[in-house]
Amino acid sequence: MTGEQTPQIVYSAESQAKSPGKLFRNMTQDMFTSRELAWSLFIRDIKAQYRQSFLGVVWAFVPPLVTGLIFIVLQQSKVVNLGETDIPYPVYVLTGTILWQVFTDSLNTPLRSVKNAQSMLTRINFPREALILSGIYVVIFNLLIKLVVLLAIFLIFRIPLTPGILVAAVPTALLILFGMGLGLLLVPIGTLYTDITAALPTLTQIWFFLTPVVYATPQTQPLATLALINPVSPLLGAARSLATNSPVLHVGAVYVSGVVAVVLFFLGLIVYRVGLPIVIERMSS
Amino acid sequence: MTSETLVRVEDVSKRYCRDLKRSLWYGMQDLGRELAGRDHGGANLRKDEFWAIKDASFALQRGETLGLIGHNGAGKTTMLRMLNGLIRPDAGRIEVNGRIQALIALGAGFNPVLTGRENIFINAAVLGMPKAETARRFDAIVDFSGIEEFIDMPVQNYSSGMTVRLGFAVAANLEPDILLVDEVLAVGDLAFRTKCQVRIQEMRDTGVAIIFVSHNLHTVSHICTRALTLDRGHIIFEGDPESAIDAYRSSVASRNESVAQEMRAGTGEIRVGRLELLDAAGAPAVNVKVGDALTFRLHYEAAEPVTDPVFNLAIHVVNGQQVTGIRTDADDYRIGRVEGRGFIDVIVPNFNLLPNAYTIDAVIFHRDGFTFYDRVNQIASIEVGGGLQINGTAYLPHRWVEPVPTTLEIPALTPAELETS
Numbered sequence: 004m005t006g007e008q009t010p011q012i013v014y015s016a017e018s019q020a021k022s023p024g025k026l027f028r029n030m031t032q033d034m035f036t037s038r039e040l041a042w043s044l045f046i047r048d049i050k051a052q053y054r055q056s057f058l059g060v061v062w063a064f065v066p067p068l069v070t071g072l073i074f075i076v077l078q079q080s081k082v083v084n085l086g087e088t089d090i091p092y093p094v095y096v097l098t099g100t101i102l103w104q105v106f107t108d109s110l111n112t113p114l115r116s117v118k119n120a121q122s123m124l125t126r127i128n129f130p131r132e133a134l135i136l137s138g139i140y141v142v143i144f145n146l147l148i149k150l151v152v153l154l155a156i157f158l159i160f161r162i163p164l165t166p167g168i169l170v171a172a173v174p175t176a177l178l179i180l181f182g183m184g185l186g187l188l189l190v191p192i193g194t195l196y197t198d199i200t201a202a203l204p205t206l207t208q209i210w211f212f213l214t215p216v217v218y219a220t221p222q223t224q225p226l227a228t229l230a231l232i233n234p235v236s237p238l239l240g241a242a243r244s245l246a247t248n249s250p251v252l253h254v255g256a257v258y259v260s261g262v263v264a265v266v267l268f269f270l271g272l273i274v275y276r277v278g279l280p281i282v283i284e285r286m287s288s
Numbered sequence: 054m055t056s057e058t059l060v061r062v063e064d065v066s067k068r069y070c071r072d073l074k075r076s077l078w079y080g081m082q083d084l085g086r087e088l089a090g091r092d093h094g095g096a097n098l099r100k101d102e103f104w105a106i107k108d109a110s111f112a113l114q115r116g117e118t119l120g121l122i123g124h125n126g127a128g129k130t131t132m133l134r135m136l137n138g139l140i141r142p143d144a145g146r147i148e149v150n151g152r153i154q155a156l157i158a159l160g161a162g163f164n165p166v167l168t169g170r171e172n173i174f175i176n177a178a179v180l181g182m183p184k185a186e187t188a189r190r191f192d193a194i195v196d197f198s199g200i201e202e203f204i205d206m207p208v209q210n211y212s213s214g215m216t217v218r219l220g221f222a223v224a225a226n227l228e229p230d231i232l233l234v235d236e237v238l239a240v241g242d243l244a245f246r247t248k249c250q251v252r253i254q255e256m257r258d259t260g261v262a263i264i265f266v267s268h269n270l271h272t273v274s275h276i277c278t279r280a281l282t283l284d285r286g287h288i289i290f291e292g293d294p295e296s297a298i299d300a301y302r303s304s305v306a307s308r309n310e311s312v313a314q315e316m317r318a319g320t321g322e323i324r325v326g327r328l329e330l331l332d333a334a335g336a337p338a339v340n341v342k343v344g345d346a347l348t349f350r351l352h353y354e355a356a357e358p359v360t361d362p363v364f365n366l367a368i369h370v371v372n373g374q375q376v377t378g379i380r381t382d383a384d385d386y387r388i389g390r391v392e393g394r395g396f397i398d399v400i401v402p403n404f405n406l407l408p409n410a411y412t413i414d415a416v417i418f419h420r421d422g423f424t425f426y427d428r429v430n431q432i433a434s435i436e437v438g439g440g441l442q443i444n445g446t447a448y449l450p451h452r453w454v455e456p457v458p459t460t461l462e463i464p465a466l467t468p469a470e471l472e473t474s
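Protein sequence lines correspond, in order, to chains A and B. Using this note's numbering, read the first sequence as starting at 4 and increasing by one per residue. Using this note's numbering, read the second sequence as starting at 54 and increasing by one per residue.
The structure is reproduced here in structure tokens:
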């Protein structure tokens with residue numbers, strides 16, 4: 004700890020958004036210096052979560068599996084018509100629900116991390132970016148567990164394992180960035196007012212049905228347009244198609260959504276960094 | 054030691070809101086302003102806001118120990134939180150040169166399900182210690198905490214004292230340039246408190262600058278090299294600890310007068326008028342020192358004749374417990390019959406209370422010594438000054454006799470005797 008140059012910190016009423024260059028530099032620096040802390044927090048959360056659970060990792064894949072199974076039953080008993088898919092419907096729907104879970108996980112993680120860390124945030128000055136980073140670790144960890152189940156499904160339905168599966172990681176990562184970005188934008192308001200937390204489950208449910216997760220990409224209006232302008236659907240669709248070795252639809256929309264996801268993530272980071280000190284002041288310690 | 058400025062606080066102000074709903078709404082407004090690139094805060098108060106800190110300026114040099122004293126809500130904690138970077142000033146500027154560490158939230162970030170061992174690593178990481186460093190210091194941390202046998206037990210089974218011990222042990226092994234201390238010494242058992250104090254002294258001796266917030270004026274006067282007195286968000290005094298403590302006492306005393314929460318009760322045949330404090334010359338007593346002669350003159354007014362009322366003065370430490378009292382019945386002093394207006398003097402040849410602010414309640418009882426004729430709480434206050442910094446409230450008149458050499462063998466106390474003594 005010796006030999007370091009003494010750091011100088013200045014706290015003032017000046018808006019951080021005034022000098023975006025400095026804001027961005029500080030942000031990336033904090034992101035980098037907090038990686039070890041983020042890892043510790045991630046390990047802490049995972050350990051604590053599984054130490055207090057009997058079935059452990061089972062809970063990571065039960066919800067998407069159950070949702071998937073419901074739609075498989077509905078489809079096969081012809082209660083609903085969910086359209087024609089290129090791949091066996093069970094594979095389509097289970098891949099879809101797992102990817103959808105990755106998205107909602109990313110969306111909910113920032114707000115949840117901040118709320119759980121409330122006592123720490125109001126008492127200790129640590130790089131707050133650590134919470135974002137550890138949140139990303141948690142999302143990836145949950146995804147990896149689900150991948151084991153997905154692999155089993157692929158083997159059962161004899162889906163060929165192609166290099167496309169590795170390429171599918173790119174749209175999946177973008178899906179995580181999009182969800183995280185949106186989640187980060189919600190952090191300041193969501194910590195001040197409980198309304199956000201209350202509204203999120205309903206909103207995500209509506210979103211779920213507007214996105215071609217359990218049904219084939221719609222060809223009729225207005226759902227077709229809605230599926231295009233909703234960034235989740237091209238990204239989710241691309242990841243699913245690449246993983247299952249089927250053609251990717253609407254390639255243009257995928258690229259646009261990718262750019263939207265990255266931009267939204269950085270916007271989210273800025274709002275988080277600028278907004279958090281303000282909301283911490285209004286939180287109870 | 055070089056006079057290197059580690060902390061510089063310039064015209065810092067901070068406002069708080071009394072109303073939660075409004076506070077949240079102001080939060081939204083601030084958020085919007087901030088994102089639009091406009092500066093945080095402002096010079097004016099919005100509805101329901103007040104200044105928690107107003108125009109505070111001071112500097113802290115390397116090697117200094119600065120005390121922050123003031124009544125509850127004077128702004129001490131707000132100042133610490135700003136120095137720690139948890140909340141931002143609404144005006145002004147704080148410059149910190151060096152690593153700052155707060156001994157405030159001991160054990161924050163502890164996960165109750167995980168063991169003490171696991172929590173040490175997490176807590177250290179949160180406080181900014183690299184993992185390798187924590188591993189190297191691990192034994193020292195456990196040793197300092199003194200809870201080695203419980204280190205692999207989940208923290209949720211720890212007593213609150215054990216949690217604090219562990220938290221302090223982690224914090225005490227960091228090497229900051231500036232240390233913020235807020236009343237942590239008030240927790241844990243005596244042995245551990247002593248350990249903490251020793252550790253803080255050690256850090257001070259190695260040149261760590263300390264900002265120390267405490268209600269224990271005795272500690273402040275002993276360990277601080279300088280002190281600030283805060284009153285309702287303003288720094289009303291900056292200088293040597295003794296004078297700062299005096300400033301604090303008079304601020305508390307004047308505050309008490311202005312609040313003047315009179316509580317009157319009783320049957321009312323005879324009423325308390327006012328209470329005068331006079332010095333030996335019969336003039337109103339000011340600048341009372343320990344051991345001064347003091348006369349209490351209690352004025353009364355009896356609307357009808359009363360026989361043998363009991364006069365009582367109860368003396369309290371300001372906002373605290375009763376220290377002593379003076380009663381006519383306890384002194385077997387019979388008043389006889391009184392009627393109309395008058396006063397009664399009680400002379401105290403040596404007012405042997407240690408420097409502090411005291412308040413006095415005046416009571417007149419029926420002859421049974423139990424039923425009130427009248428009672429006025431905090432009718433007057435006395436501020437005892439002087440440099441005598443002894444922990445406690447009472448001064449015992451005494452003298453020392455020079456050391457006497459002796460060849461006599463004094464048997465050492467056996468452990469059993471130590472136990473019972």
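Even for Gly, the Cβ is constructed at its ideal location relative to N, Cα and C. What you are looking at is a predicted structure, and each value in this text was computed from that prediction instead of being measured.
Residues of chain B with a Cβ closer than 8 angstroms to the Cβ of G278 (chain A) are, in chain order, L84, E87, L88. Taking 8 angstroms as the threshold, the shortest C-beta distance from L114 (chain A) to chain B does not fall below it. For A356 (chain B), the enclosing beta strand (DSSP E) begins and ends at 347–360.
Within the segment 96–122 of chain B, contact with chain A at the beta-carbon level (separation under 7 angstroms) is assigned to no residue. I283 (chain A) belongs to the set of residues whose beta carbon lies under 8 angstroms from a beta carbon in chain B. Under the three-state reduction of DSSP output, Y411 (chain B) falls in the strand class.
Within 10 angstroms of the beta-carbon of E392 (chain B) lie fewer than 16 other beta-carbons, which makes it exposed. In this structure, P408 (chain B) sits near G439 (chain B), with a CB-CB distance shorter than 8 angstroms. For T125 (chain A), the C-beta contacts it makes with chain B under 7 angstroms involve L139, in order along the chain. Taking a beta-carbon distance threshold of 8 angstroms, A202 (chain A) does not count as an interface residue toward chain B. Only exposed fits A193 (chain B), as fewer than 16 other CB atoms lie within 10 angstroms of its CB. According to the DSSP assignment, V235 (chain A) belongs to the alpha helix (DSSP H) that extends over 235–246.
A direct Cα-Cα distance of roughly 37 angstroms separates I283 (chain A) from E202 (chain B). In terms of Cβ geometry, A144 (chain B) and A51 (chain A) do not form a close pair [threshold 8 angstroms]. Taking CB atoms only, G181 (chain B) has a neighbour in chain A less than 8 angstroms away. Contact check between the segment 140–152 of chain A and the segment 59–71 of chain B: fewer than three CB pairs, one atom from each, fall below 8 angstroms, which does not count as touching. By the Cβ neighbour-count rule, G286 (chain B) is buried, with 16 or more other Cβ atoms within 10 Å of its own. In the three-state reduction of the DSSP assignment, I417 (chain B) falls in the strand class, which pools E and B.
For G321 (chain B), no CB of chain A lies under 8 angstroms from its own CB, so it is not counted at the interface with that chain.
Under the Cβ distance rule, V265 (chain A) does not count among the residues neighbouring chain B, no pair being separated by less than 8 angstroms. Contact between L180 (chain A) and A264 (chain A) holds: their C-beta atoms lie close to 5 angstroms from each other, under 8 angstroms.
Under the 8 angstroms criterion on CB atoms, K129 (chain B) is classed as non-interfacial with respect to chain A. At a Cβ-Cβ threshold of 8 angstroms, I263 (chain B) and L136 (chain B) do not count as neighbours.
Under DSSP, E117 (chain B) forms no beta bridge with any residue. Distance from the CA of N340 (chain B) to the CA of H271 (chain B), rounded to the nearest whole angstrom, comes to 20 angstroms. The straight-line gap separating the alpha-carbon atoms of L159 (chain B) and G199 (chain B) is approximately 16 angstroms. Along the segment 15–35 of chain A, the positions whose C-beta sits under 8 angstroms from a C-beta of chain B are S15, A16, E17, S18, Q19, A20, K21, read in chain order. Listed along the chain, the chain B residues whose CB falls inside 9 angstroms of the CB of K50 (chain A) are N164, V166, L167, E171. Scanning its chain for C-beta atoms nearer than 6 angstroms, with the 5 sequence neighbours on each side dropped, one finds around V152 (chain A) the residues F64, in chain order.
Residue contact with chain A for V149 (chain B): present (Cβ-Cβ distance below 8 angstroms to some residue of chain A). Taking CB atoms only, F404 (chain B) has no neighbour in chain A less than 8 angstroms away. Ranked by Cα distance from D83 (chain B), the options A:S18, A:L44, A:L77 are led by A:S18. DSSP places A51 (chain A) in the uninterrupted alpha helix (DSSP H) bounded by 38–54. Annotated as proximal: L88 (chain B) and V274 (chain A), with beta-carbon spacing under 8 angstroms. Ranking A:L40, A:V83, A:N111 by CA distance to the CA of A201 (chain A) puts A:N111 first. Exposure of L73 (chain B) is indicated by the presence of fewer than 16 other C-beta atoms within 10 angstroms of its C-beta.
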